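Numbering (the working numbering), first residue to last: 57 to 167.
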(Lines of atoms letter the chains of each structure in order from A; the text may use other names.)
(Lines give C-alpha, C1' and ligand atoms only; values in the text may rest on other atoms or scores of the structure.)
Protein backbone atom coordinates (compact mmCIF):
# COMPACT_ATOMS: atom_id res chain seq x y z
CA UNK A 57 0.00 0.00 0.00
CA UNK A 58 2.79 2.43 0.84
CA UNK A 59 4.61 1.56 -2.39
CA UNK A 60 1.52 2.35 -4.43
CA UNK A 61 1.27 5.79 -2.82
CA UNK A 62 4.95 6.49 -3.50
CA UNK A 63 4.65 5.42 -7.14
CA UNK A 64 1.48 7.48 -7.66
CA UNK A 65 3.00 10.58 -6.08
CA UNK A 66 6.16 10.19 -8.20
CA UNK A 67 4.05 9.86 -11.37
CA UNK A 68 2.04 12.93 -10.49
CA UNK A 69 5.23 14.91 -9.89
CA UNK A 70 6.68 13.79 -13.22
CA UNK A 71 3.52 14.76 -15.08
CA UNK A 72 3.41 18.24 -13.60
CA UNK A 73 7.10 19.11 -13.99
CA UNK A 74 7.75 17.62 -17.43
CA UNK A 75 6.05 20.23 -19.66
CA UNK A 76 7.50 23.18 -17.75
CA UNK A 77 11.04 21.78 -17.84
CA UNK A 78 11.28 21.62 -21.66
CA UNK A 79 13.20 24.63 -22.96
CA UNK A 80 11.56 26.84 -25.51
CA UNK A 81 13.22 27.40 -28.87
CA UNK A 82 12.98 31.17 -28.61
CA UNK A 83 15.63 31.08 -25.90
CA UNK A 84 18.29 29.77 -28.30
CA UNK A 85 17.90 32.51 -30.91
CA UNK A 86 18.87 36.03 -29.96
CA UNK A 87 16.93 37.86 -32.69
CA UNK A 88 15.37 37.02 -36.03
CA UNK A 89 17.36 37.47 -39.22
CA UNK A 90 16.68 40.81 -40.94
CA UNK A 91 14.85 40.09 -44.19
CA UNK A 92 14.01 42.55 -46.90
CA UNK A 93 10.38 43.65 -46.65
CA UNK A 94 9.82 44.42 -50.33
CA UNK A 95 11.53 41.98 -52.63
CA UNK A 96 11.95 42.89 -56.27
CA UNK A 97 14.37 41.74 -58.94
CA UNK A 98 17.25 43.96 -57.70
CA UNK A 99 16.84 42.81 -54.08
CA UNK A 100 16.49 39.18 -55.15
CA UNK A 101 19.60 39.15 -57.35
CA UNK A 102 21.65 41.11 -54.82
CA UNK A 103 20.65 38.61 -52.15
CA UNK A 104 21.89 35.72 -54.31
CA UNK A 105 25.30 37.28 -54.83
CA UNK A 106 27.99 35.51 -56.83
CA UNK A 107 28.07 38.16 -59.55
CA UNK A 108 24.42 37.67 -60.48
CA UNK A 109 23.65 41.29 -59.62
CA UNK A 110 25.39 42.29 -62.87
CA UNK A 111 22.22 41.24 -64.73
CA UNK A 112 19.79 43.43 -62.78
CA UNK A 113 19.28 45.91 -65.62
CA UNK A 114 18.72 43.30 -68.32
CA UNK A 115 16.33 41.15 -66.31
CA UNK A 116 14.40 44.10 -64.91
CA UNK A 117 13.79 45.58 -68.37
CA UNK A 118 13.07 42.27 -70.14
CA UNK A 119 11.20 40.24 -67.52
CA UNK A 120 9.58 42.97 -65.43
CA UNK A 121 8.74 41.78 -61.93
CA UNK A 122 9.83 39.09 -59.51
CA UNK A 123 6.81 36.82 -59.99
CA UNK A 124 7.72 36.42 -63.67
CA UNK A 125 11.37 35.83 -62.81
CA UNK A 126 10.41 33.04 -60.40
CA UNK A 127 8.72 31.06 -63.21
CA UNK A 128 11.26 31.89 -65.93
CA UNK A 129 12.92 28.92 -67.62
CA UNK A 130 16.59 28.55 -68.37
CA UNK A 131 16.20 29.07 -72.15
CA UNK A 132 14.65 32.49 -71.60
CA UNK A 133 17.53 33.49 -69.33
CA UNK A 134 19.96 32.19 -71.93
CA UNK A 135 18.34 34.34 -74.63
CA UNK A 136 18.88 37.40 -72.44
CA UNK A 137 22.60 36.62 -72.21
CA UNK A 138 22.85 35.28 -68.66
CA UNK A 139 25.82 32.86 -68.36
CA UNK A 140 25.28 29.25 -67.31
CA UNK A 141 26.67 29.62 -63.77
CA UNK A 142 24.42 32.61 -63.07
CA UNK A 143 21.38 30.87 -64.60
CA UNK A 144 21.93 27.95 -62.25
CA UNK A 145 22.12 30.26 -59.24
CA UNK A 146 19.00 32.20 -60.26
CA UNK A 147 16.98 29.02 -60.83
CA UNK A 148 18.23 27.42 -57.61
CA UNK A 149 17.33 30.39 -55.42
CA UNK A 150 14.05 31.08 -57.19
CA UNK A 151 12.97 27.52 -56.41
CA UNK A 152 13.97 27.94 -52.76
CA UNK A 153 12.15 31.30 -52.62
CA UNK A 154 8.94 29.78 -54.02
CA UNK A 155 9.06 27.04 -51.39
CA UNK A 156 9.66 29.58 -48.63
CA UNK A 157 13.06 28.18 -47.68
CA UNK A 158 15.09 31.27 -48.54
CA UNK A 159 14.67 35.04 -48.53
CA UNK A 160 17.21 37.72 -49.43
CA UNK A 161 18.65 39.29 -46.32
CA UNK A 162 18.39 43.04 -45.76
CA UNK A 163 22.11 43.47 -45.11
CA UNK A 164 22.97 41.84 -48.45
CA UNK A 165 21.19 44.65 -50.29
CA UNK A 166 23.50 47.48 -51.26
CA UNK A 167 21.09 50.15 -52.46
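Built from N, CA and C at the ideal position, the CB exists for glycine as well. Bear in mind the structure is a predicted one, so any value in this text is a computation, not a measurement.
Listed in chain order, the non-local C-beta contacts of residue 98 below 6 Å within the same chain comprise 112, local neighbours out to five positions each way being set aside. Pairing residue 107 with residue 70, the inter-Cα distance amounts to about 57 Å. Distance between residue 142 and residue 94, taken at the CA atoms: about 23 Å. For residue 147, the CB contacts under 7 Å within the same chain, skipping 5 residues up- and downstream, are 130 in chain order.
Cβ neighbours of residue 115 within its own chain (closer than 6 Å, five residues either side excluded): 97. The C-beta distance from residue 145 to residue 104 rounds to 5 Å, short enough to fall under 8 Å. DSSP places residue 98 in the uninterrupted alpha helix (DSSP H) bounded by 97-104.
Buried is the label assigned to residue 138, since at least 16 other Cβ atoms lie within 10 Å of its Cβ. Between residue 122 and residue 109, the gap from beta carbon to beta carbon reaches 8 Å or more.
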